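Student: Shown below is the structure under consideration.
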Amino acid sequence: MELDNTKENKVSTPRRRENGLHLSPVLPDTSGLGLPYAPEDWPNKGDIWTWKVGRRVAITGHFLDRYLYPPKRLQKVLDSGRKRGLASKLSVERGSGFLCCPSDEKEVPVSAPQSDSLTCKAGNKTCNSLYAEAESPSLVSLPCDLCCSESRFCRDCCCILCSKTIDLKHGGYSYIKCEAVVDGYICGHVAHLNCALRSYMAGTVGGSFGLDAEYYCRRCDSKTSLIPHVTLLLKTCESIDSRDEIEKILNIGFCALRGSQNTNARGLLNRIESAIKELKYGTSLEDIWKAKESDSAITTGIFHIGNGGLEPTNHRDAVDNKPCLGSVLSISSDYHSEYLKIEDEINRVLQALRKAQETEYQIAEERLYGQKNYLRHLYQQLEKERSELHGQPSGNEADAYLNAVLNRVDQIKYEVMRLREMEEVANGFGRTPKSILKEYFGSDIED
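For the sequence shown, UniProt numbering assigns the number 447 to the last residue and increments by one with no breaks.
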């Protein structure tokens with residue numbers, strides 16, 4: 001059983017409420033009927049409600065988890081698909097004045113605080129601290145006299161970088177929580193991933209931080225790997241029907257992992273890049289998440305000559321399907337002449353291949369260097385806009401400069417993603433998707 005205060009108190013006498021009812025302490029996970037902890041004869045005579053308590057106990061000695069269950073007559077009226085119990089907090093406090101249940105295992109002096117409800121400093125009704133059971137009761141939150149000293153800041157739901165509340169939508173993909181243990185305390189501060197990425201405190205960052213697909217907590221200076229978070233993020237996408245939402249989530253995962261030298265991160269990044277491309281090409285969501293099957297076996301009779309060549313699965317069929325050697329050569333044939341013809345044919349093929357490859361190389365070189373120069377121009381613009389922002393006083397004009405910088409950063413991220421797609425020609429034009437060749441290297445190039 002969880003206690004908000006470890007100090008023991010031997011007071012065990014029943015308490016009296018203003019309505020004259022004696023509140024006898026009860027044990028954890030206890031339930032009962034009617035008074036003093038549930039209504040009787042309400043709203044109609046004969047209606048007796050059921051009460052139940054959980055295991056957590058507040059500093060005042062009252063149970064934090066309290067529930068009311070309506071009588072059978074009212075249960076028939078309620079929707080069968082919804083929970084029939086009224087949880088504690090607002091639903092109970094507004095419904096009646098009952099259910100302030102003292103614990104049999106802990107009593108406190110009368111002078112103790114009278115508020116036994118969990119509250120969020122930021123006033124966030126969806127704060128994790130209001131609903132989640134303590135996962136590690138042995139670990140106490142890290143003392144914080146910086147951000148947590150602010151009256152409206154809650155470490156459980158306020159971003160440590162922008163102070164705005166986090167969003168729990170889609171499993172809370174958009175924020176990261178620092179669960180580092182420092183001197184026996186758990187940090188517990190959260191941050192928007194976008195804020196961390198823009199502040200160079202997440203992703204792959206050089207310099208003093210030295211991050212490789214990691215998140216750096218500004219409060220405790222600990223690093224958290226982003227690979228498990230992005231893995232869960234990718235799994236979350238499979239349960240979402242909105243293509244726009246999926247693309248938004250995948251873009252966050254892409255930004256978190258790009259540039260990483262970690263093998264697992266790079267493999268995960270390839271999956272994300274592939275999913276983003278298929279989304280753009282209009283591939284159905286079912287096909288996007290479907291596991292790719294391994295390449296099928298080479299069909300009978302197909303073979304290649306040379307290193308790494310594949311032999312036919314049936315030698316006899318392969319030979320029978322080819323012209324007989326006797327129909328090409330006869331006893332009177334000049335083998336030297338025939339050999340020279342074959343050699344000449346091979347030379348012509350190799351020359352044509354070299355020419356084709358040189359043409360492809362020239363096209364790739366031109367387009368890749370063009371993209372590089374464009375990115376250099378964008379980086380120069382970003383540097384200029386940053387300098388202008390630093391020289392501006394606070395106000396509407398400063399906000400405009402800040403928006404310009406943020407938009408420029410987003411533009412650079414998009415162009416870098418396009419460059420990554422263009423770089424797939426490293427495998428050869430023949431192995432590059434036709435859609436990429438058409439978009440970046442000219443529509444006249446075929447797969």
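Built from N, CA and C at the ideal position, the CB exists for glycine as well.
Just so it is clear, the structure is predicted and the values come from calculations on it, not from any experiment.
Taking the continuous beta strand (DSSP E) assigned at Gly253, which residues delimit it?
Tutor: Start at 1 with the first residue of the sequence shown, and residue 253 comes out as number 253. Careful: Gly253 lies outside any beta strand (DSSP E), inside the alpha helix (DSSP H) at Arg243 to Leu257.
Student: With Arg367 and Phe441 assumed to form a contact (beta carbons below 8 Å), what rounded beta-carbon distance in angstroms separates them?
Tutor: Counting from one through the sequence shown, the residue named residue 367 turns up at place 367. Counting from one through the sequence shown, the residue named residue 441 turns up at place 441. Rounded, the Cβ-Cβ distance is 6 Å, consistent with contact.
Student: If we ignore side chains and look at the alpha-carbon of each, how far apart do Leu353 and Arg420 end up?
Tutor: Working through the sequence shown from its first residue, we reach residue 353 at position 353. Working through the sequence shown from its first residue, we reach residue 420 at position 420. Each residue's Cα considered, the two are about 26 Å apart.
Student: Assign Pro36 to buried or exposed, taking buried as 16 or more other Cβ atoms, counted over all protein chains shown, within 10 Å of its Cβ.
Tutor: Residue numbering aside, residue 36 sits at position 36 when the sequence shown is read from its first letter. Result: buried.
Student: Which residue comes first and which comes last in the beta strand (DSSP E) that contains Val416?
Tutor: As a working note, residue 416 is residue 416 in the sequence shown. Run containing Val416: none in the beta strand (DSSP E); it sits in the alpha helix (DSSP H), Asn396 to Met422.
Student: CA-CA distance, Ala38 and Ile48?
Tutor: The residue given as residue 38 occupies position 38 in the sequence shown. The residue given as residue 48 occupies position 48 in the sequence shown. When rounded, the distance between both Cα atoms is 8 Å.
Student: Please classify His229 as buried or exposed, where buried requires at least 16 other C-beta atoms within 10 Å of its C-beta.
Tutor: Sequence index remark: in the sequence shown, residue 229 carries index 229 (1-based). Buried, by the Cβ-count rule.
Student: Once you ignore the five residues that flank Asn212 on each side, which residues in its own chain have a CB closer than 8 Å to its CB?
Tutor: Within the sequence shown, residue 212 is the residue found at index 212, counting from 1. Looking at the sequence shown, residue 212 is not Asn but Asp. The residues are Thr204, Ser260, Gln261, Asn262 and Ala265.
Student: Measuring straight from C-alpha to C-alpha, what distance separates Tyr175 and Leu193?
Tutor: Mapped onto the sequence shown, residue 175 falls at position 175. Mapped onto the sequence shown, residue 193 falls at position 193. Rounded to whole angstroms, Tyr175 to Leu193 spans 5 Å at the Cα level.
Student: Mind checking Lys434: buried by the 16 CB within 10 Å criterion, or exposed?
Tutor: The residue labelled residue 434 in the question sits at position 434 within the sequence shown. Exposed, by the Cβ-count rule.
Student: Using a threshold of 8 Å, state whether the C-beta atoms of Ile252 and Tyr200 are closer than that.
Tutor: Working through the sequence shown from its first residue, we reach residue 252 at position 252. Working through the sequence shown from its first residue, we reach residue 200 at position 200. Against a cut-off of 8 Å, the Cβ pair of Tyr200 and Ile252 comes out as no contact.
Student: Give a yes or no on contact between the region 220-235 and the region 153-169, applying the rule of three or more CB pairs nearer than 8 Å.
Tutor: Because the criterion of three Cβ pairs below 8 Å is not met, the region 220-235 and the region 153-169 do not touch.
Student: Let's test the definition: count the other Cβ atoms within 10 Å of the Cβ of Val425 and tell me whether it reaches 16, buried, or not, exposed.
Tutor: Counting from one through the sequence shown, the residue named residue 425 turns up at place 425. Buried is the call here.
Student: Helix, strand or coil for Gly370? Go by DSSP, reduced to three states.
Tutor: The residue labelled residue 370 in the question sits at position 370 within the sequence shown. Correct three-state label for Gly370: helix.
Student: Just the Cα atoms here: how many angstroms apart are Asp221 and Gln362?
Tutor: Sequence index remark: in the sequence shown, residue 221 carries index 221 (1-based). Sequence index remark: in the sequence shown, residue 362 carries index 362 (1-based). Approximately 48 Å between the Cα atoms of the pair.
Student: Kindly indicate the opening and closing residues of the alpha helix (DSSP H) around Gly267.
Tutor: For the purposes of this step, residue 267 is identified with residue 267 of the sequence shown, where counting begins at 1. Per DSSP, Gly267 belongs to the alpha helix (DSSP H) from Thr263 to Lys280.
Student: Please confirm whether Val405 and Arg386 have their CB atoms less than 8 Å apart.
Tutor: Taking the sequence shown and counting its residues from 1, the one referred to as residue 405 is at position 405. Taking the sequence shown and counting its residues from 1, the one referred to as residue 386 is at position 386. Against a cut-off of 8 Å, the Cβ pair of Arg386 and Val405 comes out as a contact.
Student: What does a CB cutoff of less than 7 Å around Ile246 pick up in its chain, not counting 5 residues either side in sequence?
Tutor: Walking along the sequence shown from the start, residue 246 turns up at place 246. The residues are Cys237, Ile240 and Leu279.
Student: So is Asn347 buried or exposed if we call it buried at 16+ other beta carbons inside 10 Å?
Tutor: Working through the sequence shown from its first residue, we reach residue 347 at position 347. With fewer than 16 Cβ atoms within 10 Å of its Cβ, Asn347 is classed as exposed.
Student: Grab me the residues of Lys223's own chain with a C-beta within less than 6 Å of its C-beta, minus the 5 sequence neighbours each way, in chain order.
Tutor: The residue given as residue 223 occupies position 223 in the sequence shown. Around Lys223: Glu214 and Tyr216.
Student: Spatial neighbours of Phe153 within its chain, please: CB distance less than 7 Å, with the 5 preceding and 5 following residues excluded, ordered by chain position.
Tutor: Position 153 of the sequence shown, counted from the first residue, corresponds to residue 153. The answer, listed in chain order, is Lys121, Ala122, Cys147 and Ser163.
Student: Inspect the beta-carbon positions of Leu375 and Ile412 and report whether they are closer than 8 Å.
Tutor: For the purposes of this step, residue 375 is identified with residue 375 of the sequence shown, where counting begins at 1. For the purposes of this step, residue 412 is identified with residue 412 of the sequence shown, where counting begins at 1. Yes, the Cβ-Cβ distance between Leu375 and Ile412 is below 8 Å.
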